[in-house]
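K.L.:
Residue numbers (this note's numbering): 136 to 396.
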Ligand code: IPD
Ligand code: CA
Ligand code: CA
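(1) So, helix, strand or coil for residue 253, using DSSP?
(2) Ligand 1 and residue 227: does any heavy atom of the ligand fall closer than 6 Å to the residue's C-beta?
(3) Can you tell me whether residue 352 sits near ligand 1, meaning its C-beta is under 6 Å from at least one heavy atom of the ligand?
(4) Cβ of residue 153 within 6 Å of any heavy atom in ligand 1?
(5) Indicate whether residue 265 and residue 356 have their beta-carbon atoms separated by less than 7 Å.
(6) Considering residue 262, what are the terminal residues of the alpha helix (DSSP H) in which it resides?
(7) Could you compute how far the alpha carbon of residue 316 sits from the alpha carbon of residue 324?
(8) Taking the alpha carbon of residue 321 as the reference point, which residue from 159, 194, 289, 275 has its own alpha carbon closest?
(9) Between 187, 360, 293, which has its C-alpha nearest residue 328's C-alpha?
(10) Based on Cα-Cα distance, which residue from 296, 287, 263 lies nearest to residue 280?
(11) If we count the other Cβ atoms within 10 Å of its Cβ and call it buried at 16 or more, is residue 282 buried or exposed?
(12) Leaving aside the five residues before and after residue 175 along the sequence, list all residues of the same chain whose C-beta is less than 8 Å from its C-beta, in chain order.
(13) Given this structure, state the Cα-to-Cα distance separating residue 312 from residue 194, to the nearest angstrom.
(14) Residue range of the alpha helix (DSSP H) that residue 194 falls in?
(15) Can you find a heavy atom of ligand 1 that lies under 6 Å from the Cβ of residue 175?
(16) Excluding the five sequence neighbours on either side, which residues of its own chain have a C-beta within less than 7 Å of the C-beta of residue 300, listed in chain order?
(17) At a threshold of 6 Å, does residue 222 count as lining ligand 2 (C-beta to nearest heavy atom)?
(18) Would you grab the beta carbon distance between residue 407 and residue 154 for me? Rounded to a whole angstrom, and I think it's under 8 Å.
(19) What separation, rounded to the nearest whole angstrom, lies between the Cα atoms of residue 213 and residue 277?
(20) Hey, out of 268, 273, 267, 250, whose CA is closest to residue 260's CA?
(21) Using the C-alpha atoms, what's the distance from residue 158 back to residue 366?
(22) Using only the heavy atoms of ligand 3, determine whether one of them is closer than 6 Å to the beta carbon of residue 205.
(23) Suppose contacts are defined by Cβ-Cβ distances below 7 Å. Is residue 252 in contact with residue 353 by that definition?
(24) Under a three-way DSSP split, which group does residue 208 fall into?
(25) Do you know whose CA, among 341, 349, 371, lies nearest residue 389's CA?
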């Protein structure tokens with residue numbers, strides 16, 4: 136891999152370390168599926184365990200950096216210059232159901248701009264990473280978005296609505312409209328991997344409402360560095376951690392955007 140910023144090294148090391156316990160925890164889930172207690176609480180603690188390993192590792196390198204992490208929230212909130220953005224398990228519902236479609240996602244932001252990120256699916260052993268100006272990689276190979284130009288032939292991925300969403304009807308009608316005008320739509324259950332899959336050309340585009348910043352921070356730089364285009368729409372200015380995202384291979388961007396109107 137030709138990425139060499141200190142931050143990407145720190146992030147990949149933290150991912151590798153956390154993934155060892157995450158893989159063990161994933162192995163436990165199958166046993167818990169059939170136990171009377173069920174895996175619910177176990178997953179919550181796996182999430183926290185993974186997060187702790189990541190935070191400890193990142194803080195060892197830079198105790199002064201800010202952190203936004205899904206389970207813990209803000210650490211060193213006043214440091215907005217250098218910040219790690221962490222989702223310890225993105226795709227918890229899949230993890231809970233023994234489906235190996237989940238990932239650790241860690242982004243690094245400088246002065247409000249995402250500079251690098253890693254998304255690691257430890258079960259498939261797929262590490263997606265990118266650094267501003269230096270391209271995007273899957274393991275040791277350079278990745279690029281697809282070159283599909285026709286929206287009618289495109290494979291699109293999306294997610295949601297969340298259980299508590301107040302705009303379910305709107306989300307379902309967008310789903311119907313997009314489905315009618317593209318080759319097919321998938322829902323894979325991990326926003327981070329959805330973005331990574333657009334970055335390496337497995338999907339041609341992705342949109343989703345009501346995401347959190349940690350779902351997509353790493354994915355945004357990976358997709359951009361792979362030649363994709365990312366846009367946030369209908370921002371909720373009262374909550375900068377909530378995001379609606381439209382991310383594509385660039386070619387089909389305007390047409391997909393049109394379908395969401
Ligand atoms: C979720 C996943 C899912 C998306 C949800 C997210 P979590 O993250 O990214 O794909 O549809 O909106 O909350 O809860 O598994 O970290
Ligand atoms: Ca998430
Ligand atoms: Ca999560």
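Virtual Cβ for every residue (Gly too), placed ideally from N, Cα, C. Since the structure is predicted, the reported quantities are computational estimates derived from the model, not experimental observations.
P.N.:
This is what the structure holds:
(1) Three-state result, residue 253: strand.
(2) The answer is yes for residue 227.
(3) Answer for residue 352: no, Cβ out of range of ligand 1.
(4) Residue 153 Cβ: outside cutoff for every heavy atom of ligand 1.
(5) The answer is yes: Cβ separation under 7 Å.
(6) Per DSSP, residue 262 belongs to no alpha helix (DSSP H); it is in the beta strand (DSSP E), 261-266.
(7) Computed Cα separation, rounded: 22 Å.
(8) With distances taken between Cα atoms, residue 321 lies closest to 289.
(9) Among 187, 360, 293, the Cα nearest to that of residue 328 is on 293.
(10) The candidate whose alpha carbon is nearest that of residue 280 is 263.
(11) Exposed, by the Cβ-count rule.
(12) Here the set comprises 231.
(13) Distance between the alpha carbons of residue 312 and residue 194: 45 Å.
(14) For residue 194, the enclosing alpha helix (DSSP H) covers residues 175-196.
(15) Checking the Cβ of residue 175 against ligand 1 gives no.
(16) Spatial neighbours of residue 300 in its own chain (CB-CB distance under 7 Å, excluding positions within 5 residues in sequence) are listed in chain order as 306, 345.
(17) Yes, ligand 2 has a heavy atom inside 6 Å of this Cβ.
(18) The chain is shown from 136 up to 396; residue 407 falls before or after that span and cannot be answered.
(19) In this model, residue 213 and residue 277 are separated by some 36 Å (Cα to Cα).
(20) Nearest of 268, 273, 267, 250 to residue 260, Cα basis: 273.
(21) Looking at the backbone, the Cα of residue 366 and that of residue 158 are separated by about 33 Å.
(22) At least one heavy atom of ligand 3 is nearer than 6 Å to the Cβ of residue 205, so yes.
(23) The Cβ-Cβ distance between residue 252 and residue 353 falls below 7 Å.
(24) DSSP places residue 208 in strand when its eight states are reduced to three.
(25) The shortest Cα separation from residue 389 among 341, 349, 371 belongs to 341.
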